[in-house]
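Structure, as C-alpha cells:
Protein chains: 4
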Amino acid sequence: MKEIHIGLIGTGYIGRAHAIAYAQTPTVFPLKGKLIRDMVAEVNPQLAAERAQAFGFNRSTGDWRELVADPNIHVVDICSPNYLHKEMALEAIRHGKHVYSEKPLALTAADAREMVDAAKQAGVQTMVGFNYMKNPTASLAKEIISNGEIGEIVHFYGTHNEDYMADPLEPIHWHCFKNTAGLGALGDLAAHIVNMAQYLVSDISTVCGDLQTVVKSRPEQAGSSKMVEVENEDQASALIRFNNGAMGVIETSRIACGRKMGLTWVITGTKGTLSFTQERMAELKLYRHDAPANRQGFQTILVGPEHPDYAWFCGGAGHGIGFNDQKAVEVRDLINGIATNTPIWPDFEEGWKVSRILDAIALSHAEERWVKVSEIR
Amino acid sequence: MKEIHIGLIGTGYIGRAHAIAYAQTPTVFPLKGKLIRDMVAEVNPQLAAERAQAFGFNRSTGDWRELVADPNIHVVDICSPNYLHKEMALEAIRHGKHVYSEKPLALTAADAREMVDAAKQAGVQTMVGFNYMKNPTASLAKEIISNGEIGEIVHFYGTHNEDYMADPLEPIHWHCFKNTAGLGALGDLAAHIVNMAQYLVSDISTVCGDLQTVVKSRPEQAGSSKMVEVENEDQASALIRFNNGAMGVIETSRIACGRKMGLTWVITGTKGTLSFTQERMAELKLYRHDAPANRQGFQTILVGPEHPDYAWFCGGAGHGIGFNDQKAVEVRDLINGIATNTPIWPDFEEGWKVSRILDAIALSHAEERWVKVSEIR
Amino acid sequence: MKEIHIGLIGTGYIGRAHAIAYAQTPTVFPLKGKLIRDMVAEVNPQLAAERAQAFGFNRSTGDWRELVADPNIHVVDICSPNYLHKEMALEAIRHGKHVYSEKPLALTAADAREMVDAAKQAGVQTMVGFNYMKNPTASLAKEIISNGEIGEIVHFYGTHNEDYMADPLEPIHWHCFKNTAGLGALGDLAAHIVNMAQYLVSDISTVCGDLQTVVKSRPEQAGSSKMVEVENEDQASALIRFNNGAMGVIETSRIACGRKMGLTWVITGTKGTLSFTQERMAELKLYRHDAPANRQGFQTILVGPEHPDYAWFCGGAGHGIGFNDQKAVEVRDLINGIATNTPIWPDFEEGWKVSRILDAIALSHAEERWVKVSEIR
Amino acid sequence: MKEIHIGLIGTGYIGRAHAIAYAQTPTVFPLKGKLIRDMVAEVNPQLAAERAQAFGFNRSTGDWRELVADPNIHVVDICSPNYLHKEMALEAIRHGKHVYSEKPLALTAADAREMVDAAKQAGVQTMVGFNYMKNPTASLAKEIISNGEIGEIVHFYGTHNEDYMADPLEPIHWHCFKNTAGLGALGDLAAHIVNMAQYLVSDISTVCGDLQTVVKSRPEQAGSSKMVEVENEDQASALIRFNNGAMGVIETSRIACGRKMGLTWVITGTKGTLSFTQERMAELKLYRHDAPANRQGFQTILVGPEHPDYAWFCGGAGHGIGFNDQKAVEVRDLINGIATNTPIWPDFEEGWKVSRILDAIALSHAEERWVKVSEIR
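The following block contains the structure:
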C-alpha cells in the first residue's frame, strides 16, 4: 500500500485536532493508503520537536519552508493563522505537494481563486477543513434531503455563533485585524455554515448582508488599559437566495453569549423539516408533514450504525461521537482521495466558493444593496 | 363598580378565545370595572343567537352595525376577518365606543393610521390583540432585560412560523388575497413577532426584506382541480436595525412544516442571552455570561408565582399556563384601562407602528433596497 | 336545561382553581346542565363573602355545615385541607348531595372506603380531583396505548416530585403531621401518579416501598428557632407490579430540588415507548420501535385540535393549555355526569383504590416486605 | 520512558473501541509510559492477523494462552465474552501480567472475588472498563458534588436501559444464557449505573430487587421458527439504600424501546440537583435551590476546557466528545497507573463490589426480601 507522508504546519488548537485524527484514523477506517506522520513545522525548532514527539511524528522543523520543500512529504497540512494560508499553500503547490488547508482558505475570494488556479495548474489535490460536513449526522441529513423525504427545500436558516469574544474586556488578537484575519465572524465562523448551506441545499446566488462591530476596541492584553481598534465585524446577518429558488438567512457572531458551538441550521421543505445544532452533534430532528395529523411532531434521531460512517466508530446508536471523530472522516477522505487519485471534497474550489459568498455579504453591506455572488471573482 | 358592556363581533377561532377570556377574567383577577358580556354580532341572527348563548352573552344581532350603534355597549371587540377591521373600528369610534381589535389592525399602515387618528380625535380608548406579549413569560423577559441582567441588547432573532398552509393542496382562503388579507404571512403572523421585538428591544428603524410565494396557486376548494392564484407571500425574511443600535432578523412563514406556534425569539445582550418559543410558553431560557466559566449554561426558568401575573392563575410554578390565560391578562388590561381611564397598551398606535414595519419590509422587497420605517406613514 | 348548583368549601390555592374552572367551563364546553355558582363556605363569613364575590358565586357562609345542608345546593365541592375531606363528604352525602372532593380522598384507605360506601348507599354521584388525567395530552396517551401503538405495556416509571419543602428551614405546616395529612409526599403528591399508573396501565397488584423523612424537624414558623417534628415521609419509592403483568417503579418527593410540577412518567411497551412530564403538559413523546432502524427516534407531539378535548380551548396545536384548562375538563365531566345521571370518573371508588395503594406502600416499608394491595381494605 | 506492551484479547465491538483508544491516547495525552500495541489474540490466526494489522498491533495469535504467556506483554486486555473473563484473567495473573478487563468482571461476585484475590496475591495492577465514569461530564458531576454545591445527597435515580433485545424476534445469543452471561440486563448494562451510583454517591448498603424476563423464548437464529428459552432477566428494578443514608432506585432493561444508550441518572441533594443522560454525554444539568426564587431553573452546562480532562480533546466547549474519548481517558489512567506503579481506578475490587450488588439484587428478587450487600461475598 502506498505511503502518504504528512507534513503538518501549526500545532495550536486545530493542529492538535489534526494530529489526533492522524493518530486514530488508520485504526478507525480501512484506509487505501498508508498514512505516515512524517514532519511537523512550528515557529521554532524546539517547539516543533516537542510537538512532533507529542503527536507521534517522525521529524520536525522550525521553518515551514523546509517542510514544504522536503521531497518525502506528499501532503502539506496547513493549520497556521489565516493570513499565512495563501503563502504556504502556493509554496507547497510550487513543490508539487497536495495541500490540506484549514478554513477559511484565504483572506479574500481573490486570494482563494489564485490558490485554486495554482493547484489546478500543478495538478495537485486539495482539501479544506470544513469538518462539520463530515459529521455522520450531516451526512444523514444529506441522505434524507436527497431521498426527497422533506420534499423540495424552500427555506434555510443557519448560524455559526460563538461567544469567545463576548466579554468586551477580552483582549484583542489576530482575528480582529484585517491584515491577519480578513473578515471577522464571517471569515472565522460563517465559513462553516455557508459551506453547510451549499452542501445541503444548493449554491447561493445572491445575498444581502448587514455587519456590525459591537465592541469597537479591546485591551491590548488582559488587564491592559491600552485599547486597540477592532477592525472587522463581531456579528453579521445576510438574506440569501439559492440557485434552486429557496430563500433564507445566514447569521454569525463571535459575541453571542451562551453559544459555544452554535453551528445550527433549520431546513424547511415542502414535505418536512430538518433541524440541527452542532452542540448536540449526534442528534438530528426530522419532521414529516405527511404523517397523520394527530401523529405529527419532530422526531429526534440519534445517529448510529445504521447511518453513514458511524459504525466505524461505535457499535451502537447513542454512544456518541465527538469533534475529533468528524476530523477522522475528513482525514479518511483525504488519504483515500490521494491514494486512489480520485476527487476530494471539499476542495479549494469549494473553499473559494465559500469565500466569495462571504465577500459578497461584506460588499453588500458596504454598498447597502443586494449582491450577486457572481459579481465576486 | 362601573359596568363595562362588551359587544363582540365575530365568533370564529379568535372570537371564541375572547369569549373564554371574558368568562374567566373576572374570577382570575380583581378587576376595576364590572365586565358585562352584553352583545354578540355574527353574519346572521341565528348564528349570533347560538353563540351568544354558548358564550354567556345577554344579547345578539345579525348586523354588526346594530351592535356598534347600541347605546349600552361601551367596548366594541372586533374579531372579524382582517379586511373588516378598519370599517368596523371607524364606525365604532364614530359612535364613541372604545375599540378592542384583533391584529393586524388593518391591511395597510395607511389604513391603521386613519384608525389611530379617528380614535384620538374621538377620545376613545383602543387596544390591539397582540396577546403573546401578555404571556407572563414575556413579562418576565421584559423584567430581566429592564434590570440589565443581559446587558445592552446587541442582537434579536425572531420568527413567527406556522404550517397551516404547508400542504400545497390546502385550499385557497381569504388569507391568500390582497383585498381581504393585505399581506400574507407578514400580516397574519409576523405582526406578533414585530410587536415582541419592539416590546423587548426598541423601535425598529430600518429594514431590508425578502418575500416569496412558494405555492403559486391553490385549489378553489378541498379536492377541486380548479386552481386559484395566491396573491401574497408564504414566507418572508428581513434584516432589521433598531433605534438602540441593535441589529437582527425577523422571519415568518405559513408553510414552515412542523411549526404549530413558531413564535420564537433569541435576544442577545452584552452580558447574556434570553431565548423563548411560544410552543413552550411557560419556559424562558436565560444565559448569564458573568457566571464562572465552568458553571455557564442556559438555565430553563419555569414561569411561576414569583413572576409577573402568574400567581393569579396557579399556585405553583410548573402548573402551566395556556393561550387563553394570556388573553385573560389582555382583557384585564382592557377593562382596567377603561374603568380607570388610563392608557391601555398595546393600543392602535402600536398597531400602526407594527403595520408600517410590515409595509416597509414589503416595500423593501419590491424595490430591492433598505427602507427606513419612517418612509411609511 | 337542568340547573346544577355548586357549593364550594375552601378557597385557597385549589379552591381558586375550581372557581376559575367554574367560570370558564360553560363557555368552553357545551354542557348538558346549567352550572350555577351558588354558595361559598370559608372559615368566617367575611372571608366567605369576599371570595364569593371574587369568584362570581351568589351566596356565602362562614359555616360549611350550612352549605352542605342547604336545599338548593346539588354538588358539594370540597377544597379544604385533607383531614376535613371525610367529615365534610359524609355530611354532604347524608344530605343527599353529590360530592366533588380534592385528592387525596381521605387520610387512610379505610376512611376512603367508608366514604365510598356511604355514597353508594345514598345513591349520590362522586368525583375526585385527579385533574392531571384530564389533560388532553394524557387522554392522547391513553388513546395511543389503547390502539396498541406501543404494544403490550411491560414497564412503568412514574414520579410526582416537587420541591416545596426542599429548604430545611421551610416552616412546618399541616402537610407534615399524621393527624392532618396522613401520609406525607405519598398522600399529597403520589396520589396523582398512582392514579395515572392505574389509568394508563392497569390496576397495581403488589408493592414494595421505601419511605424516608429527610428533614426530621422544621421551624414552627419562618425564622423561629423552635423546631417541630415532621411526622411523615419527605420522599418514597416503590417497586410495583400490575395486574397485567407489567412491572415498574413509582417515586415521590416534596424535597426534590428543581421539580416544580414533577409529575412524570415513561411507559414502555413491546413496540414503543411514551414519555411525559407535566412541566411540559402540552407535549407527548412517542417512540415507535417498528419504524425503520435508520429513522427511529422519539417524536414530540404537540397536543392540538386533532387530539381529545383540545379543540374546545384553542384553534391550533402549540397554542398551549394550562393547569386550569384540565380543571375545566374535570368540571365538564362532573356537570355532564350529574346532568345526565351517568357515571363520573374518577369517582370515590378510584380515590379509595389509590389510597389503598399508598397505604400498601407505607405498610410495605414498615414491615420491610412486599405487600399485596388486596391486603388493605 | 518505560514501554508498556499491550496484549488485546477479542476484537469485536468493544475490542475495537479499545484499539481506537490505544491509537489516539498517546497523541491526546502526555502519557507517563510508552504505549506499545503489541499483540492481538482472536479465535483463529487469520482473524487475529487481520485485526492486528487493522488496529496497528505488531503481532497476533490464534491462541489467547500464547498471548498471556508471552514474556513481552505487560498488560492483558480482555475484551472477550463475559464467561471467559475469569479464566483469562486468572491465567494472565498467573503469568504476572497486569489485567484490564471489560465489565462485568465475572459472572458472579464469587468469581470476581477470586480474581481480586489472585491479583492482590500476585501484586499486579487491574482495571475494569467502566468507561462512563471517565466521561469528563461525569468527572464534572463528581466535582460539583464534592464541592457541596448540591448539599448532602438524599436521592439517586439511575438507569441503564437499551433496546437491543426489544424486538421479540431478535434471535437468542450468549447474553441470554446463564452459563455464558450470568445475569441478563443487570450484568450487561446495570453494572455501569451501579458503578456510577457508587462513584457519585457512596457505597450501596442494602437492596430490594425485582426482575422479569418479558420475552420468554427467542428464535434460534434470525427467521428461524425454533425457539430457545431465555434464561435471564430482560429488565430489573431495585430500591437501594446507600451507606451515607441516601435512598433511591436503579433500573435496567435491554428491551426499553427507544433507549439507545439510556445510562441516565438524577442526583438530588439538599441544595440542588444534577441530571444526566449518556445520550447527551457532553451535557450536565444543574439546579441550585439557593438561587433567588424567581431565577431558579435547571442549567445546561456544556462540558468544555474549563472542566476535567476535556481540554486535551478540544479547544472549546460544545465541540463535543464521543464514546471513544472516554475510553481514551480510561487508557490514560491505565498506562499512567502502570508506568508509575500507582493505584488504578476502577480496579477489580470495584468490579467485585459492583458484582455483589448485582448478585444482591438477584437474590433479593429470588427470596422476595431486602438484602444487605454484605450478605454476598
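If you read the sequences in order, they're chains A, B, C and D. With the UniProt record's numbering applied, the first sequence covers 1 to 377. With the UniProt record's numbering applied, the second sequence covers 1 to 377. With the UniProt record's numbering applied, the third sequence covers 1 to 377. With the UniProt record's numbering applied, the fourth sequence covers 1 to 377. Using N, Cα and C, we set each Cβ at its ideal position, and we do this for glycine too.
Can you tell me which of the three DSSP states residue i falls into?
{"i": "Tyr-100(D)", "result": "strand"}
{"i": "Pro-219(D)", "result": "strand"}
{"i": "Lys-134(B)", "result": "helix"}
{"i": "Glu-233(B)", "result": "coil"}
{"i": "Ile-153(D)", "result": "strand"}
{"i": "Thr-340(C)", "result": "helix"}
{"i": "Asp-77(D)", "result": "strand"}
{"i": "Met-165(D)", "result": "coil"}
May I ask you to list the residues that DSSP assigns as paired with residue i?
{"i": "Tyr-287(C)", "result": "Thr-273(C)"}
{"i": "Thr-300(A)", "result": "Lys-285(A) and Phe-298(C)"}
{"i": "Trp-265(C)", "result": "Gly-158(C) and Phe-276(C)"}
{"i": "Val-371(B)", "result": "Val-207(B)"}
{"i": "Ala-41(B)", "result": "Ile-9(B) and Thr-61(B)"}
{"i": "Ala-238(B)", "result": "Gly-209(B) and Ile-250(B)"}
{"i": "Ile-36(A)", "result": "His-5(A)"}
{"i": "Met-88(B)", "result": "Answer is none; Met-88(B) lacks a bridge partner."}
{"i": "Val-28(A)", "result": "According to DSSP, Val-28(A) bridges with nothing at all."}
{"i": "Val-128(D)", "result": "Ser-101(D)"}
{"i": "Val-228(A)", "result": "Arg-218(A)"}
Assuming residue i contacts residue j (C-beta within less than 8 Å), just tell me the rounded distance between them.
{"i": "Arg-218(A)", "j": "Ile-144(A)", "result": "Not a contact, Cβ separation roughly 42 Å."}
{"i": "Ile-78(B)", "j": "Asn-324(B)", "result": "Going by Cβ atoms, the distance from Ile-78(B) to Asn-324(B) rounds to 19 Å, so no, they are not a contact pair."}
{"i": "Phe-156(D)", "j": "Ser-205(D)", "result": "Not really, about 13 Å apart at Cβ, beyond 8 Å."}
{"i": "Asn-82(A)", "j": "Thr-213(A)", "result": "About 18 Å separates the two Cβ atoms, so there is no contact after all."}
{"i": "Asn-336(B)", "j": "Leu-8(B)", "result": "Wrong, their Cβ atoms sit about 19 Å apart, outside the cutoff."}
{"i": "residue 398(B)", "j": "Gln-24(B)", "result": "Within the shown structure, residues of chain B are numbered from 1 to 377, placing residue 398(B) beyond reach of any answer."}
{"i": "Val-371(D)", "j": "Arg-356(D)", "result": "With 8 Å as the limit, Val-371(D) and Arg-356(D) do not qualify as a contact, their Cβ atoms being about 10 Å apart."}
Taking buried to mean at least 16 other C-beta atoms within 10 Å of its own C-beta, is residue i buried or exposed?
{"i": "Val-329(C)", "result": "buried"}
{"i": "Pro-343(B)", "result": "exposed"}
{"i": "Leu-169(A)", "result": "exposed"}
{"i": "Gly-123(B)", "result": "exposed"}
{"i": "Arg-59(A)", "result": "buried"}
{"i": "Asp-290(C)", "result": "exposed"}
{"i": "Gln-299(D)", "result": "buried"}
{"i": "Gln-121(C)", "result": "exposed"}
{"i": "Gln-296(B)", "result": "buried"}
{"i": "Ala-141(A)", "result": "buried"}
{"i": "Lys-226(C)", "result": "exposed"}
{"i": "Gln-46(B)", "result": "exposed"}
{"i": "Arg-369(A)", "result": "exposed"}
With respect to 7 Å, is the separation between the Cβ of residue i and the closest non-hydrogen atom of the ligand NAP below this value?
{"i": "Gly-315(C)", "result": "Only the bare structure without any ligand can be found here, which leaves the ligand NAP out of the picture."}
Starting from the beta carbon of residue i, find every residue of chain E whose beta carbon is closer than 7 Å, and list them in chain order.
{"i": "Val-249(B)", "result": "The structure shown contains no chain E; its protein chains are A, B, C and D."}
Any 3 or more C-beta pairs closer than 8 Å across the region 343–359 of chain B and the region 98–106 of chain B = Three or more pairs of CB atoms, one per stretch, sit closer than 8 Å, so the region 343–359 of chain B contacts the region 98–106 of chain B.
contact_flag[the region 245–263 of chain C, the region 261–273 of chain A] where n(CB pairs < 8 Å) is 3 or more = In this structure the region 245–263 of chain C does not touch the region 261–273 of chain A; the number of beta carbon pairs closer than 8 Å is below three.
So does the region 27–37 of chain C actually touch the region 49–66 of chain C, counting three or more Cβ pairs closer than 8 Å?
-> Short answer: they touch.
Using 8 Å as the Cβ pair cut-off and three pairs as the minimum, do the region 9–23 of chain B and the region 40–52 of chain B touch?
-> Result yes; three or more Cβ-Cβ pairs closer than 8 Å.
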